[in-house]
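Take my numbering: the final residue in the sequence shown is number 387, and no numbers are missing along the way. Worksheet for the structure shown next.
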Amino acid sequence: MVDFTFTEEQEDIRRAAREFAEKEFTQELAIECDREEKYPRELVKKCAELGFHAVAIPEEYGGGGYSSIEQMIVMEEFSAVNPGLAIACLTPIFGVEILLGYGSEEQKETWIPKLCTGDAIMGMANTEPDAGSDAASIKTKAVLDGDEWVLNGTKQFITNGSVADFILVTAKTKELEWKDRHKAMSYFLVETDRPGFKATKITGKLGIRASDTAEISLKDVRVPKSNLVGEEGKGFYYMMEFFDRTRVWVAAQAVGIARGALKLAVDYVKQRKAFGVPIASFQFIQFKLAELATKIEAARTLTYRAGAVQLERGKPDPMLSSMAKWYAGEVAVETCDWALQFHGGYGYIDEYAINEFYRDAKITEIYEGTKEIEKLIVARNILSMKF
Ligand SMILES: Cc1cc2nc3c(=O)[nH]c(=O)nc-3n(C[C@H](O)[C@H](O)[C@H](O)COP(=O)(O)OP(=O)(O)OC[C@H]3O[C@@H](n4cnc5c(N)ncnc54)[C@H](O)[C@@H]3O)c2cc1C
Numbered sequence: 001m002v003d004f005t006f007t008e009e010q011e012d013i014r015r016a017a018r019e020f021a022e023k024e025f026t027q028e029l030a031i032e033c034d035r036e037e038k039y040p041r042e043l044v045k046k047c048a049e050l051g052f053h054a055v056a057i058p059e060e061y062g063g064g065g066y067s068s069i070e071q072m073i074v075m076e077e078f079s080a081v082n083p084g085l086a087i088a089c090l091t092p093i094f095g096v097e098i099l100l101g102y103g104s105e106e107q108k109e110t111w112i113p114k115l116c117t118g119d120a121i122m123g124m125a126n127t128e129p130d131a132g133s134d135a136a137s138i139k140t141k142a143v144l145d146g147d148e149w150v151l152n153g154t155k156q157f158i159t160n161g162s163v164a165d166f167i168l169v170t171a172k173t174k175e176l177e178w179k180d181r182h183k184a185m186s187y188f189l190v191e192t193d194r195p196g197f198k199a200t201k202i203t204g205k206l207g208i209r210a211s212d213t214a215e216i217s218l219k220d221v222r223v224p225k226s227n228l229v230g231e232e233g234k235g236f237y238y239m240m241e242f243f244d245r246t247r248v249w250v251a252a253q254a255v256g257i258a259r260g261a262l263k264l265a266v267d268y269v270k271q272r273k274a275f276g277v278p279i280a281s282f283q284f285i286q287f288k289l290a291e292l293a294t295k296i297e298a299a300r301t302l303t304y305r306a307g308a309v310q311l312e313r314g315k316p317d318p319m320l321s322s323m324a325k326w327y328a329g330e331v332a333v334e335t336c337d338w339a340l341q342f343h344g345g346y347g348y349i350d351e352y353a354i355n356e357f358y359r360d361a362k363i364t365e366i367y368e369g370t371k372e373i374e375k376l377i378v379a380r381n382i383l384s385m386k387f
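Written out as structure tokens, the structure is:
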């Protein structure tokens, strides 16, 4: 018998997260951050002080000590209220799993407690202008010079790039044949106040405009030898493991966005009248709502099953995580599309919340592996299975 119920404690966390988001993610703030691409620093700090973003970080470093499931619950609830503010509030620790898994005690003790209190913000930088899905084809280099690594390169689309205190940056420490390029990559902890580090905020994003995204340039940035994270040459493997773990989190974000959009659609169709009746009374609209609600339920079940398997086994199931991410992302995009359609012309105007949901949803099909890359992972697993 499969039990998909949440514990009482998990329901308490869900309630607390929902109450926080409903109180703090005001429509006024959401519109301001969306229109002006403003990073909501005060809100991010308040959220950190209440422990929401560090809910899954071990207690010894100042976190909540809960699991990835509680982290997914917070993400789902926040995203259902406002996806842009949700992602700004919950990513100040983006990449922390790599630090927790492979960082030195000194690196962890210096940074993780500050991340938990909201006194520090981090990021994780791999993507480059010419290397995204093919993550091992980066050009950024790190060369050892005495007791220091010297980094040179450019990173693209880095979440928190212009607000972070430090970033985990991938760089090649050796030149290998193309087929072995995965073995050349290492992670470095780069404090953003080091000479040669420059972040340029990227404006004009389609959605999640409250979240900071930047291009990073590294020009002869020197970090001590001790800033290498984990072992030299293992960066690609750390990154793949990180994505297998965190894809369920993006899937939870997508489920939250879909749920929030469905709620906006239901509220609207009940009060909007056409041809003398509420538009909710048209059977086409009812059928579409039924289809969307069913798909959201399926995406939600798959997402938490992927999360639960990860927790039970102590390691992710890459196929399930990828299935959850592409499917939930697609359901979020489809739900937002129909929810906006039901708003008619009003949905096209950014005063209506559905407008932002529609634009925010798309990112769930792009970052942390595009939906095509997720499907490649699923297909690779299926083709190697014995039926
Ligand atoms: C808002 C935002 C925040 C981000 N935050 C971060 C961050 O914090 N850190 C970071 O490192 N990166 C970050 N990214 C980058 C993101 O992870 C990449 O954009 C993504 O992985 C895709 O890479 P790309 O943009 O280079 O697209 P490409 O890899 O060039 O892909 C272009 C298209 O080709 C398809 N494609 C590529 N290869 C294949 C294939 N083998 N088979 C089929 N189709 C394929 C893709 O699916 C896509 O549709 C962020 C991006 C955005 C937009």
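Virtual Cβ for every residue (Gly too), placed ideally from N, Cα, C.
| Query | Result |
| --- | --- |
| Backbone CA spacing between L99 and K273 [nearest angstrom] | 54 angstroms |
| Beta strand (DSSP E) runs contained entirely in the stretch 73 to 144, provided each spans 3 or more residues | 122 to 125 |
| Separation of E191 from L176, as counted between CA atoms | 28 angstroms |
| CB contact flag (G307, V248, <8 angstroms) | yes |
| Alpha-carbon spacing of W326 relative to F78, whole angstroms | 20 angstroms |
| Short Cβ contact (8 angstroms threshold) for D212 with S162 | yes |
| Candidates S104, Q107, L144 and L115, of which the one nearest T91 by Cα | L115 |
| CB-CB length for F429 against I285, believed under 8 angstroms | Past the edges of the chain, shown from 1 to 387, lies residue 429, and the structure says nothing about it. |
| DSSP state of A324 mapped onto helix, strand, coil | helix |
| Rounded C-alpha distance that separates M1 from V309 | Reliability fails at M1, whose pLDDT of 48 lies under 50, so the model's placement of it is uncertain and the value that follows must be treated cautiously. In a straight line, the C-alpha of M1 is about 15 angstroms away from that of V309. |
| Candidates L29, I73 and D180: closest to R15 by CA position | I73 |
| Every unbroken beta strand (DSSP E) within the stretch 199 to 265, with a cutoff of 3 residues, ordered by chain | 213 to 224 |
| Contacting residues, own chain, Cβ-Cβ under 8 angstroms from E368 (five flanking each side not counted) | F243, T246, R247, V250 and K325 |
| Candidates I138, I296 and W111: closest to F166 by CA position | W111 |
| Closer than 7 angstroms: Y367 CB and nearest ligand 1 heavy atom | yes |
| Residue burial classification, W178 (beta-carbon count within 10 angstroms, cutoff 16) | exposed |
| Residues bridged to K172 [DSSP beta-bridge criterion] | K141 and M185 |
| Check: T140 C-beta below 7 angstroms from any heavy atom of ligand 1 | no |
| Buried versus exposed call for M185 [16 or more other C-beta atoms within 10 Å across all chains shown] | buried |
| Sequence-distant residues of the same chain with beta carbon closer than 6 angstroms to E137, five excluded per side | According to the sequence shown, residue 137 is Ser rather than Glu. Excluding residues within five positions, the ones whose Cβ falls inside 6 angstroms are A131. |
| Any 3 or more C-beta pairs closer than 8 angstroms across the stretch 250 to 268 and the stretch 216 to 229 | no |
| S186 CB to nearest heavy atom of ligand 1 below 7 angstroms | no |
| Separation of I208 from F188, as counted between CA atoms | 27 angstroms |
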